[in-house]
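Comments concern the structure below.
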Amino acid sequence: MNTVITIGRQFGSGGREIGEKVADYFGIKCYDKELLTRAAKESGFCEEMIQCHDERPTNSFLYNLVMDTYSFGYNASSFMDMPISHKVFLAQFDTIKNIAKEGPCIIVGRCADYALHDFDNVLHFFIYGEESCKIKRIMKKYELSEDKARDMINKKDKQRQSYYNYYSSKKWGRADSYDFCLNSSVLGVDGTVKLITQVVEDFEEQGGKATL
Numbered sequence: 035m036n037t038v039i040t041i042g043r044q045f046g047s048g049g050r051e052i053g054e055k056v057a058d059y060f061g062i063k064c065y066d067k068e069l070l071t072r073a074a075k076e077s078g079f080c081e082e083m084i085q086c087h088d089e090r091p092t093n094s095f096l097y098n099l100v101m102d103t104y105s106f107g108y109n110a111s112s113f114m115d116m117p118i119s120h121k122v123f124l125a126q127f128d129t130i131k132n133i134a135k136e137g138p139c140i141i142v143g144r145c146a147d148y149a150l151h152d153f154d155n156v157l158h159f160f161i162y163g164e165e166s167c168k169i170k171r172i173m174k175k176y177e178l179s180e181d182k183a184r185d186m187i188n189k190k191d192k193q194r195q196s197y198y199n200y201y202s203s204k205k206w207g208r209a210d211s212y213d214f215c216l217n218s219s220v221l222g223v224d225g226t227v228k229l230i231t232q233v234v235e236d237f238e239e240q241g242g243k244a245t246l
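For any residue, its number in the working numbering is found by taking its place in the sequence shown, counting from 1, and adding 34.
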């Protein structure tokens, strides 16, 4: 097993649970909130600050300047003037790359697919679901009314979409941004896990590297 798996997800689709179950199947680590703790340790930022900016969009700075600064390293003077939200993004970006270099794992959300776009041993999945299924899941998990669950889903997905579209060069949830887009409402969580593990095993059999 040498494959790194990234999972983008709609809120309420079960993406995190699916990631954890796939990780259990292969005996590898699944990083979601755990990534924030590590990013804090590696960057020197306090964990609360990283959590505050986690997958939340910002419109306060030019995207190109962020990427230019990242390319030239943190010593660039523009990095010092950069909003804290951008510094947090870059800290997560670095941590995602470091984690992927250590070996097979699963990384949930946080533009991981974009951070690892130049790695050839990575498979990128996006998990989505039918609205009715997502609402039921969130109602049960957070003990919310149907209307509040719907509002929570819409708010979270808008945040994730804005964050992803702002920091990456791709579009959140669009098929051509990922290798596979899976509707977890069709097969359920366990069925989706089974499908992902099959894809990964087939990928490994073919050499575990993306080919053009």
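Glycine included, every Cβ here is placed at the ideal spot set by N, Cα and C. Please read all numbers here as calculations on a predicted model, not as lab measurements.
Original post:
Can you tell me whether Gly222 is buried or exposed, with buried defined as 16 or more other CB within 10 angstroms of its CB?
Top reply: Exposed is the call here.
Original post:
For the ligand SAH, is there a heavy atom less than 6 Å away from the beta-carbon of Asp154?
Top reply: The ligand SAH is not part of this structure, which contains no ligands at all.
Subject >> Beta bridge counterpart(s) of Leu216 as assigned by DSSP >> reply: Leu216 pairs with Ile161.
**OP:** Rank Trp206, Tyr201, Asn217 by C-alpha distance to the C-alpha of Asp191 and give the top, closest one.
**Re:** Nearest Cα to Asp191 within the set Trp206, Tyr201, Asn217: Trp206.
**OP:** Can you tell me which of Lys131, Gly49, Gln232, Glu51 puts its alpha carbon nearest to the alpha carbon of Ala73?
**Re:** Relative to Ala73, the option among Lys131, Gly49, Gln232, Glu51 whose CA is nearest is Lys131.
Original post:
Which residues in the same chain as Thr231 place their Cβ atom closer than 8 Å to its Cβ, once the five residues preceding and following it in sequence are excluded?
Top reply: Beyond the five residues adjoining it in sequence on each side, Thr231 comes within less than 8 Å, by CB distance, of Val56, Tyr59, Phe60 in the same chain, given in chain order.
Subject >> Helix, strand or coil at Arg194 according to DSSP, with G and I counted as helix >> reply: Arg194 falls in the helix class under three-state DSSP.
Original post:
What separation, rounded to the nearest whole angstrom, lies between the Cα atoms of Arg171 and Phe159?
Top reply: Answer to the nearest angstrom: the Cα atoms are 20 Å apart.
Original post:
Alpha carbon to alpha carbon, what distance is there between Met35 and Glu238?
Top reply: Rounded to the nearest whole angstrom, the CA to CA distance from Glu238 to Met35 is 7 Å.
Subject >> Thr40 - containing beta strand (DSSP E), residue span >> reply: Annotation: the continuous beta strand (DSSP E) that includes Thr40 extends over 38-43.
Original post:
Buried or exposed: where does Cys86 fall if 16 or more other Cβ atoms within 10 Å of its Cβ makes it buried?
Top reply: Counting the other Cβ atoms within 10 Å of the Cβ of Cys86 gives fewer than 16, which makes it exposed.
Original post:
Beta carbon of Gln169, beta carbon of Phe45: below 7 Å?
Top reply: Sequence inspection shows Ile at residue 169; the Gln mentioned does not correspond to that position. No, the pair does not count as a contact, with Cβ atoms beyond the cut-off.
Original post:
Are the C-beta of Glu51 and some C-beta of chain C separated by less than 7 Å?
Top reply: The question asks about chain C, but that chain is absent: this structure has only one protein chain.
Original post:
If we call anything under 7 Å between Cβ atoms a contact, is Ile41 one with Gly53?
Top reply: A contact, by the Cβ cut-off of 7 Å.
Original post:
Which residues in the same chain have their Cβ closer than 7 Å to the Cβ of Val122, if we skip the five residues on either side of it in sequence?
Top reply: Closer than 7 Å at the Cβ level, and outside the excluded window around Val122, lie Phe79, Met83, Ile84, His87.
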